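Everything on this sheet refers to the single structure shown next.
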Amino acid sequence: MRVAVTGSSGKIGREAVAALLAAGHQVVGLDQTLGSIEGMHPLLCDCTDFGQVMGALSGADIAGRIDAVVHMAGIPAPGLTPDHVVFQANFMSTYHIFSAAARLGIERVVWGSSESILGVPFAIPPQIVPIDESVQTRAEWSYSLTKKLGEEMADEFCRWHDNLCIVSLRFSNVFTAADYAARPAVEANPQQRHYNLWSYVDARDAGMACHLAIEADLSGHERLIIAAADTVVSMPSAELMATYFPGVPSSVPLEGNVSLLSSKRAAERIGYHPRHSWRDNDGA
Numbered sequence: 001m002r003v004a005v006t007g008s009s010g011k012i013g014r015e016a017v018a019a020l021l022a023a024g025h026q027v028v029g030l031d032q033t034l035g036s037i038e039g040m041h042p043l044l045c046d047c048t049d050f051g052q053v054m055g056a057l058s059g060a061d062i063a064g065r066i067d068a069v070v071h072m073a074g075i076p077a078p079g080l081t082p083d084h085v086v087f088q089a090n091f092m093s094t095y096h097i098f099s100a101a102a103r104l105g106i107e108r109v110v111w112g113s114s115e116s117i118l119g120v121p122f123a124i125p126p127q128i129v130p131i132d133e134s135v136q137t138r139a140e141w142s143y144s145l146t147k148k149l150g151e152e153m154a155d156e157f158c159r160w161h162d163n164l165c166i167v168s169l170r171f172s173n174v175f176t177a178a179d180y181a182a183r184p185a186v187e188a189n190p191q192q193r194h195y196n197l198w199s200y201v202d203a204r205d206a207g208m209a210c211h212l213a214i215e216a217d218l219s220g221h222e223r224l225i226i227a228a229a230d231t232v233v234s235m236p237s238a239e240l241m242a243t244y245f246p247g248v249p250s251s252v253p254l255e256g257n258v259s260l261l262s263s264k265r266a267a268e269r270i271g272y273h274p275r276h277s278w279r280d281n282d283g284a
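For the sequence shown, full-length UniProt numbering begins at 1 and goes up steadily by one.
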């Protein structure tokens with residue numbers, strides 16, 4: 001397939017490009033800066049501009065049809081810009097991708113939703129752990145509001161267009177080498193990361209999830225949590241919960257350092273099994 005990856009120079013985008021290329025797909029990287037990933041066809045595109053999105057996804061500028069889209073462009077976290085800026089950038093770019101795909105007959109869109117709609121920063125404790133896709137979503141920031149509304153929008157686009165499949169990947173906090181280097185501070189004070197239940201995902205596993213979601217046999221709108229298999233600290237998960245969220249029950253025994261965000265559905269639906277951990281000897 002020929003797959004367009006928006007935000008191809010970002011944390012997840014570049015790993016999605018690498019995973020797709022390794023699997024034999026052709027990749028067109030859409031970003032506001034030209035990327036230099038070997039094997040990728042770079043194309044400048046501002047996803048907040050619907051005309052640019054339509055032009056890029058039409059394939060006219062690369063003399064070839066786009067078969068699927070991985071949409072990772074956008075502002076990656078709350079607090080980086082004023083609220084109205086993150087809302088306009090993230091929500092409108094997602095609308096443009098969904099709308100352009102529907103108009104052009106592109107039948108698979110994988111996009112970056114977020115753990116932030118699962119209750120983060122947990123000022124209200126979770127009702128039960130591990131958290132899975134059945135939890136009632138809640139947005140506490142404009143950033144997470146764009147993700148919550150993006151998923152609701154995906155429901156409607158898939159209802160309007162029978163052949164369109166949208167996969168919302170609810171990524172945990174994405175870790176690269178710099179994030180691993182900063183992890184010892186969290187180890188010394190786990191309270192620093194109680195806000196997302198000490199969850200994370202290696203950028204390479206996030207990219208792999210994008211590739212798997214492109215190829216999986218799915219239909220309609222699919223929501224999947226994408227996290228590492230473990231927490232980001234060495235304190236056992238049961239002890240973390242007893243210390244910072246006493247009284248919150250667990251649906252399964254919390255063995256060892258098991259993640260408190262469940263990726264079980266992602267394993268079942270797209271074959272996602274995270275390969276990387278902060279415990280890896282390579283350190284990244």
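No residue lacks a Cβ here, since even glycine has one placed at the ideal position from N, Cα and C. Since the structure is predicted, the reported quantities are computational estimates derived from the model, not experimental observations.
With a CB to CB cut of under 8 Å and the five nearest residues on each side skipped, what residues in its chain are close to residue i?
i	result
residue 276	202, 204, 205 and 228
residue 75	81, 85, 86, 89, 90 and 143
residue 117	137, 138, 139, 144, 147, 148, 151 and 170
residue 48	88, 89, 92, 93 and 96
residue 256	230, 236 and 237
residue 248	125, 126, 127, 128, 129 and 241
For residue i, is the classification buried or exposed, using 16 other Cβ atoms within 10 angstroms of its Cβ as the cut-off for buried?
i	result
residue 283	Note that residue 283 scores 45 on pLDDT, short of 50, meaning its location in the model is unreliable; the coordinates nonetheless yield the value given after this. Label assigned to residue 283: exposed.
residue 185	exposed
residue 159	exposed
residue 163	exposed
residue 35	buried
residue 8	buried
residue 124	exposed
residue 33	exposed
residue 252	exposed
residue 217	exposed
residue 103	exposed
residue 19	buried
residue 246	exposed
residue 234	exposed
residue 209	buried
residue 188	exposed
residue 280	exposed
residue 213	buried
residue 271	exposed
residue 24	exposed
Which whole-angstrom value describes the C-beta separation of residue i and residue j, a residue pair presumed to lie in contact below a C-beta threshold of 8 Å?
i	j	result
residue 298	residue 192	Residue numbering for the chain in the displayed model covers 1 to 284; residue 298 lies beyond these limits and cannot be assessed.
residue 114	residue 171	6 Å
residue 153	residue 112	That pair is no contact at about 14 Å.
residue 100	residue 53	5 Å
residue 226	residue 259	No, residue 226 and residue 259 are not in contact; Cβ-Cβ is about 11 Å, not under 8 Å.
Of the residues the options, which one's Cα is nearest the Cα of residue i?
i	options	result
residue 109	9, 67 and 92	67
residue 132	261, 269 and 126	261
residue 222	267, 25, 21 and 62	267
residue 105	59, 20, 209 and 51	59
residue 50	224, 98, 10 and 65	98
residue 128	250, 188 and 195	250
residue 265	22, 239 and 135	135
residue 198	207, 237, 45 and 219	237
residue 200	65, 46, 12 and 3	12
residue 77	211, 280 and 173	173
residue 194	209, 263, 239 and 212	239
residue 107	224, 219 and 269	219
Kindly list the residues whose CB is nearer than 7 Å to the CB of residue i, restricted to its own chain and excluding five residues on each side of it in sequence; keep chain order.
i	result
residue 300	Nothing about residue 300 can be reported from this structure: the residues present for the chain run from 1 to 284 only.
residue 17	5, 8, 27, 29, 37 and 40
residue 181	none
residue 273	267
residue 61	43 and 55
residue 14	8 and 37
Keeping to the same chain, check which residues put their C-beta closer than 6 Å to that of residue i; ignore five residues upstream and five downstream.
i	result
residue 166	109, 154, 158 and 221
residue 45	30, 52 and 56
residue 141	78
Which runs of the alpha helix (DSSP H) at least 4 residues long sit entirely within the region 47–78? Give them in chain order. 50–58
Length at least 4, wholly inside the region 153–229: the alpha helix (DSSP H) runs in chain order: 177–181, 183–188 and 203–215
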